[in-house]
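S.K.: Take this structure, written in structure tokens, and hold onto it; I'll ask about it next.
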Ligand SMILES: Cc1ncc(COP(=O)(O)O)c(C=O)c1O
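Residue numbers (the numbering used here): 2 to 391.
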């Protein structure tokens, strides 16, 4: 039996919902898109939700409609999926990397302040592993400096932050519905916002920059349309939205199941000194998207990469989230020409992090299998060292 690091949950309700739409007249730009948008807006307490073809498109749209232009700087976390930073580059802007707290891997507000320049226009926070950032502090920093605040909530849909839903703290929040995410539409994404003007711009952006959609034109009895800005085809189909609607019904239950898996891991790991789960912050919400530990090579005698390899041989597929974005060759090349700003915590933590299997259908037996395999790997390395000495 193979244990992946993440896995979607699909049952007959999802299949039925998709089949119903396949049998209808609208495979895309039909009524189910709006129904899914309304349901997500309600779930995360936002006024507006706009569906996108994937989370990256959602981020691109959010950054662009927030007014990021060539020459502008946007502060992003050093440890995130590359899409967070790429969205800024798509708009001609420059991502400026701020360091993360080494115990949570969440954006460090103090380093955000240090990275602000006269060119900074926005901050994108990312709710790493599903735990929400310190939005009260980030909001204060954004307000004091006249910056937009965006949330990359691809790991954290539905989680609160210090008594409020994440979208209530930010100008816009973005979600991904890739199969490894908390819920799926195969590929898919969403931007939510409380700003009506942004909502309209986002809708236009995902539809080529055309100022009306075909429903509005049909109501007016006209075929005429105008493209008044440059947009993209970033639409999400009705078929995918039907899957999303069915998935959303079970998301609260899945989040509870994830929390139980996290708690079980934590209780098992209390006795082990060579790995440490990330800290949870009182007041921050958590969607438990990933279960990330910091692995000590010094204490275990096994390197992070060797432990991942050994887990894989035992049928357990761990992963690493993420290599600091500026270490990728594309950003290395660019940062030669930019202010190269160091993020020492990100550099130090990256070689230690492991994402262990985490998905709602995981059983206590699965958790014990992961824990037992990790212990066996360390014990076997220890035996090998003794054998060499003897
Ligand atoms: C933090 C983060 N941002 C953005 C994305 C991009 O989402 P998508 O894969 O749907 O384009 C992902 C998903 O991989 C992610 O984890």
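Here a beta-carbon is modelled for each residue, glycine too, at the ideal position from N, C-alpha and C.
This structure is a prediction, so every number in the text was calculated from the model and none was measured.
#1: Using 8 Å as the threshold, is the C-beta distance between residue 256 and residue 159 below it?
#2: Please say whether residue 315 and residue 192 have beta carbons closer to each other than 8 Å?
#3: Tell me whether residue 55 counts as near ligand 1, meaning its Cβ is closer than 7 Å to at least one heavy atom of that ligand.
#4: Is the segment 251-271 touching the segment 368-381, taking contact as three or more C-beta pairs under 8 Å?
#5: Cutting at 6 Å between CB atoms, please list the residues of its own chain near residue 188, excluding the five before and the five after it.
#6: Can you tell me where the beta strand (DSSP E) with residue 156 in it begins and where it stops?
#7: Does residue 56 come out as helix, strand or coil in the three-state DSSP assignment?
#8: What does a CB cutoff of less than 8 Å around residue 349 pick up in its chain, not counting 5 residues either side in sequence?
#9: Residue 249 to residue 180, Cα distance in whole Å?
#10: In terms of residue numbering, what span does the beta strand (DSSP E) encompassing residue 78 cover?
#11: Is the closest heavy atom of ligand 1 to the C-beta of residue 82 under 7 Å?
#12: Quick check on residue 119: does DSSP put it in helix, strand or coil?
#13: Could you work out which residue in 130, 133 and 144 is closest to residue 121 when comparing CA atoms only?
#14: Decide yes or no for the touch test of the segment 296-304 against the segment 128-142: beta carbon pairs closer than 8 Å, at least 3 of them.
#15: Tell me which same chain residues have a C-beta within less than 7 Å of the C-beta of residue 224, skipping the five on either side of it?
#16: Name the two residues that bound the continuous alpha helix (DSSP H) containing residue 99.
#17: Assuming residue 80 contacts residue 325 (C-beta within less than 8 Å), just tell me the rounded distance between them.
#18: Which partner residues of residue 234 appear in the DSSP bridge assignment?
#19: Quick check on residue 391: does DSSP put it in helix, strand or coil?
#20: Would you give the residue range spanned by the alpha helix (DSSP H) that residue 277 belongs to?
#21: Where does residue 258 sit, in a helix, a strand or coil, going by DSSP?
#22: Which residue from 58, 148 and 90 puts its Cα closest to that of residue 336?
#23: In the DSSP assignment, find the beta strand (DSSP E) that holds residue 295 and state where it starts and stops.
#24: Are the CB atoms of residue 69 and residue 116 nearer to each other than 8 Å?
#25: Sorry if obvious, but does the Cβ on residue 155 come closer than 7 Å to a heavy atom of ligand 1?
#26: Which one of 199, 196, 262 and 351 has the shortest CA to CA distance from residue 363?
#27: Sort out for me which residues DSSP pairs residue 127 with in a bridge.
#28: Check each candidate in 190, 252, 229 and 221 and name the one with the smallest Cα separation from residue 61.
#29: Report yes if the C-beta distance between residue 232 and residue 208 is below 8 Å; otherwise report no.
#30: Helix, strand or coil, according to DSSP, for residue 374 in the structure here?
#31: For residue 202, tell me which candidate among 380, 285, 65 and 289 has the shortest Cα-Cα distance.
M.R.: Looking at the atomic coordinates:
#1: Within the chain shown, residue 256 is the residue found at index 255, counting from 1. Within the chain shown, residue 159 is the residue found at index 158, counting from 1. A contact, by the Cβ cut-off of 8 Å.
#2: In the chain shown, the residue the question calls residue 192 occupies position 191. In the chain shown, the residue the question calls residue 315 occupies position 314. Cβ atoms of residue 192 and residue 315: not closer than 8 Å.
#3: For this step, residue 55 is matched to residue 54 along the chain shown. Correct: residue 55 has its Cβ closer than 7 Å to ligand 1.
#4: yes
#5: For the purposes of this step, residue 188 is taken as residue 187 along the chain shown, with counting starting at 1. Closer than 6 Å at Cβ, skipping near neighbours: 55.
#6: Within the chain shown, the letter at position 155 stands for residue 156. Run containing residue 156: none; DSSP gives neither H nor E here.
#7: The sequence position of residue 56 within the chain shown is 55, counting from 1. Of the three classes helix, strand and coil, the one that applies to residue 56 here is helix, per DSSP.
#8: As a working note, residue 349 is residue 348 in the chain shown. Answer for residue 349: 103, listed in chain order.
#9: Counting from one through the chain shown, the residue named residue 249 turns up at place 248. Counting from one through the chain shown, the residue named residue 180 turns up at place 179. Approximately 13 Å between the Cα atoms of the pair.
#10: Stepping through the chain shown from its first residue, residue 78 is reached at position 77. It spans 74-78 - the beta strand (DSSP E) in which residue 78 sits, taken as one unbroken run.
#11: As a working mapping, residue 82 is identified with position 81 in the chain shown. Yes, the beta carbon of residue 82 sits closer than 7 Å to at least one heavy atom of ligand 1.
#12: The count along the chain shown starts at 1 and reaches residue 119 at position 118. If DSSP states are grouped into helix, strand and coil, residue 119 belongs with coil.
#13: For the purposes of this step, residue 121 is taken as residue 120 along the chain shown, with counting starting at 1. Comparing Cα-Cα distances from residue 121 to each of 130, 133 and 144, the minimum goes to 144.
#14: no
#15: Against the chain shown, residue 224 aligns to sequence position 223. The residues are 218.
#16: One-based indexing of the chain shown puts residue 99 at position 98. Note, residue 99: premise wrong, no alpha helix (DSSP H); beta strand (DSSP E) at 95-99.
#17: For the purposes of this step, residue 80 is identified with residue 79 of the chain shown, where counting begins at 1. For the purposes of this step, residue 325 is identified with residue 324 of the chain shown, where counting begins at 1. Right, their Cβ atoms sit about 6 Å apart.
#18: Residue mapping note: residue 234 aligns to position 233 of the chain shown, counting from 1. Residue 234 is bridged to 208.
#19: Along the chain shown, one-based indexing puts residue 391 at 390. Of the three classes helix, strand and coil, the one that applies to residue 391 here is coil, per DSSP.
#20: Against the chain shown, residue 277 aligns to sequence position 276. Premise fails: residue 277 lies in the beta strand (DSSP E), 276-278, not in any alpha helix (DSSP H).
#21: What you label residue 258 is simply residue 257 of the chain shown in a count that begins at 1. Helix, per DSSP.
#22: For the purposes of this step, residue 336 is taken as the residue at position 335 of the chain shown. That would be 90, whose Cα lies nearest to the Cα of residue 336.
#23: Taking the chain shown and counting its residues from 1, the one referred to as residue 295 is at position 294. Unbroken beta strand (DSSP E) run through residue 295: 292-296.
#24: In the chain shown, residue 69 corresponds to position 68, counting from 1. In the chain shown, residue 116 corresponds to position 115, counting from 1. No, they are not a contact pair.
#25: Your numbering for residue 155 matches position 154 in the chain shown. Yes, the Cβ of residue 155 comes within 7 Å of a heavy atom of ligand 1.
#26: Working through the chain shown from its first residue, we reach residue 363 at position 362. The candidate whose alpha carbon is nearest that of residue 363 is 262.
#27: Taking the first residue of the chain shown as 1, we reach residue 127 at position 126. Its beta-bridge partners are 153.
#28: Sequence index remark: in the chain shown, residue 61 carries index 60 (1-based). Considering only alpha carbons, the answer is 190.
#29: Taking the first residue of the chain shown as 1, we reach residue 232 at position 231. Taking the first residue of the chain shown as 1, we reach residue 208 at position 207. Yes. Within cutoff.
#30: Within the chain shown, residue 374 is the residue found at index 373, counting from 1. Three-state DSSP puts residue 374 in a helix.
#31: Sequence index remark: in the chain shown, residue 202 carries index 201 (1-based). Of the listed residues, the one whose Cα sits closest to residue 202 is 65.
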